[in-house]
Amino acid sequence: MKIESSVVFLPCTDIGQTYHFYHEILKLPVFQKQSDNLYIFDTGYGYWGFCRYSDGRQPLSGPGGVCLSLNLESNEKVLQAYEILKDRCTVYKAPQKHPDFPVFSFFLLDPDGYLVEFQKIAG
Numbered sequence: 000m001k002i003e004s005s006v007v008f009l010p011c012t013d014i015g016q017t018y019h020f021y022h023e024i025l026k027l028p029v030f031q032k033q034s035d036n037l038y039i040f041d042t043g044y045g046y047w048g049f050c051r052y053s054d055g056r057q058p059l060s061g062p063g064g065v066c067l068s069l070n071l072e073s074n075e076k077v078l079q080a081y082e083i084l085k086d087r088c089t090v091y092k093a094p095q096k097h098p099d100f101p102v103f104s105f106f107l108l109d110p111d112g113y114l115v116e117f118q119k120i121a122g
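Counted from 1, the sequence shown has number 23 at position 24 by numbering that gives the first Met the number 0; the numbering is strictly sequential.
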């Protein structure tokens, strides 16, 4: 079996705010719009789909929720991304080295409270 790509689908409460955050602020390309309630964004190595589900499904965010990580090529690129984004959205944690893992990263919050991490994994 050869896997072509992957998509993670996540519930959101306001697809317009979600579109604005991921496309207009983070600059992720829209891979597909499947309806007025679903967008799929291209992260470069897979896809994140956000949907306002008709069954009232709630976001999987908050302290015990989902963290979405984007890997960058260097610590300098992490710092550059932080400088670009820090005044455009809610910063959860400023850039720092993780105390337990070989990771340098910062965290933002999307409109539904999902943690969005920009990181460089040391390798």
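No residue lacks a Cβ here, since even glycine has one placed at the ideal position from N, Cα and C.
Residues in its own chain within less than 6 Å of G48 by CB, not counting five upstream and five downstream? V6, F8, I39
So what does G48 bridge to, in DSSP terms? F8, I39
Does K131 come out as helix, strand or coil in the three-state DSSP assignment? Outside the shown range of the chain, which is 0 to 122, sits residue 131, and nothing can be said about it.
Other residues of its chain near P101: CB distance less than 6 Å, five sequence neighbours each side excluded: A121
Give the secondary structure of Q95 by DSSP, where H, G and I count as helix, E and B as strand, and everything else as coil. strand
Across the segment 16-33 and the segment 107-119, are there enough close Cβ pairs to call them in contact, namely three or more that are closer than 8 Å? yes
Report, in whole angstroms, the separation of the C-beta atoms of Y52 and P10, which I expect to be a contact under 8 Å. 5 Å
Suppose the cutoff is 6 Å on Cβ atoms and the five residues either side in sequence are ignored; what does the same chain contact list for F106 look like? Y91, K92, L114, E116
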